[in-house]
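To start, the structure under review is shown below, and the notes come after it.
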Amino acid sequence: MLFTGVTSRQGKQASSGFTIWELMVVLVILAILIAAALPNLRPSMRREQLTAASLGIVNWLERARNQAVKDMETCQLSISADDASDASLAITSGSPGCRELTMFNINDQENTATDISLTLSDSSDSEFSFSPRGSVSRHQEMELTMEGSPTTRCIKVVFPVGLVRSGIKRDAACSYEKELKY
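Quick note: the sequence shown uses this note's numbering, first residue 5, plus one each step.
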């Protein structure tokens with residue numbers, strides 16, 4: 005008798021892939037490694053966010069200085085650092101120049117944490133101006149800090165030339181020599 009449609013059963017062929025158990029073990033090991041590495045990434049992530057905010061302020065100050073030189077008009081700036089969560093830099097209403105620049109609010113910047121605080125040094129004024137030659141009448145220095153960040157960033161407008169420098173606070177003093185090195 006001939007059975008149609010029935011084939012003889014041969015032994016199981018060996019599979020060439022991974023079993024579900026092997027894949028699960030690999031996923032568990034990866035999860036453990038990621039959980040161990042995650043706390044170490046947080047301080048460096050916070051440091052990078054602080055650096056980005058610092059560079060944003062430096063760029064804004066340099067644009068204000070360049071605008072004063074370009075237009076040959078004084079740019080009067082105001083730094084609001086009263087409320088740490090709402091620190092900002094702006095052109096004062098009575099400023100003859102730099103009308104095109106918009107206010108720079110630190111916490112409104114993209115990819116920036118909201119817990120960055122800005123403090124002015126004791127010798128700095130909350131209002132100062134760039135002359136038509138780009139100079140300032142005295143040093144202006146500010147510090148940026150962030151909860152969870154291992155570093156403090158410093159920004160300085162150098163008297164008399166008005167150059168804007170970025171640095172890191174080391175040993176209770178701001179260092180502007182190797183500004184972007186950690």
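Ideal Cβ placement from N, Cα and C applies to all residues, glycine included.
I believe T78 touches S133 by the beta-carbon criterion, under 8 Å. Please report the beta-carbon distance rounded to the nearest angstrom. On the sequence shown, position 74 is the one that residue 78 refers to. On the sequence shown, position 129 is the one that residue 133 refers to. At roughly 5 Å, the Cβ-Cβ gap stays under 8 Å, so T78 and S133 are in contact.
Can you give the Cα-Cα distance for L34 and W25, rounded to whole angstroms? Numbered from 1 along the sequence shown, position 30 holds the residue referred to as residue 34. Numbered from 1 along the sequence shown, position 21 holds the residue referred to as residue 25. Whole-angstrom Cα-Cα distance: 14 Å.
Buried versus exposed call for E145 [16 or more other C-beta atoms within 10 Å across all chains shown]: Mapped onto the sequence shown, residue 145 falls at position 141. With 16 or more other Cβ atoms within 10 Å, it is buried.
Let's test the definition: count the other Cβ atoms within 10 Å of the Cβ of K160 and tell me whether it reaches 16, buried, or not, exposed. Residue numbering aside, residue 160 sits at position 156 when the sequence shown is read from its first letter. It is buried - the Cβ of K160 has at least 16 other Cβ atoms within 10 Å.
Can you look up A56 in the DSSP assignment and give me helix, strand or coil? Counted from its first residue, the sequence shown places residue 56 at position 52. If DSSP states are grouped into helix, strand and coil, A56 belongs with the helices.
Cα-Cα, which of R50, T123 and P100 is closest to A85? In the sequence shown, counting from the first residue as 1, residue 85 sits at position 81. Here the closest residue by C-alpha is T123.
Using a Cβ-Cβ cutoff of less than 7 Å, which residues in the same chain neighbour F22 once the five nearest sequence positions on both sides are dropped? The sequence position of residue 22 within the sequence shown is 18, counting from 1. The answer is none, since no qualifying residue turns up.
Pick from I110, S153, S97 and P164 that is closest to E131, judged by C-alpha positions: In the sequence shown, the residue the question calls residue 131 occupies position 127. Per the Cα distances, S97.
Span of the beta strand (DSSP E) holding V162? Position 158 of the sequence shown, counted from the first residue, corresponds to residue 162. No beta strand (DSSP E) holds V162; DSSP gives it neither H nor E.
Three Cβ pairs or more, each shorter than 8 Å: is that satisfied between the stretch 51-68 and the stretch 98-105? yes
If we count the other Cβ atoms within 10 Å of its Cβ and call it buried at 16 or more, is M150 buried or exposed? As a first step, residue 150 must be located in the sequence shown, where it is residue number 146. Buried, by the Cβ-count rule.
Residues bridged to C102 [DSSP beta-bridge criterion]: Within the sequence shown, residue 102 is the residue found at index 98, counting from 1. Per DSSP, none; premise fails for C102.
From what residue to what residue does the beta strand (DSSP E) around E147 run? Within the sequence shown, numbered from 1, the residue matching residue 147 stands at position 143. Q144 to M150 is the extent of the beta strand (DSSP E) around E147.
At what residues does the beta strand (DSSP E) containing F132 begin and finish? As a first step, residue 132 must be located in the sequence shown, where it is residue number 128. Note, F132: beta strand (DSSP E), E131 to F134.
Note down the Cα distance separating C158 from D126, rounded to an integer number of angstroms. Stepping through the sequence shown from its first residue, residue 158 is reached at position 154. Stepping through the sequence shown from its first residue, residue 126 is reached at position 122. The alpha-carbon atoms of C158 and D126 are separated by roughly 14 Å.
For A94, which of helix, strand or coil comes out of DSSP? Numbered from its first residue, the sequence shown carries residue 94 at position 90. Note: A94 maps to strand in three-state DSSP.
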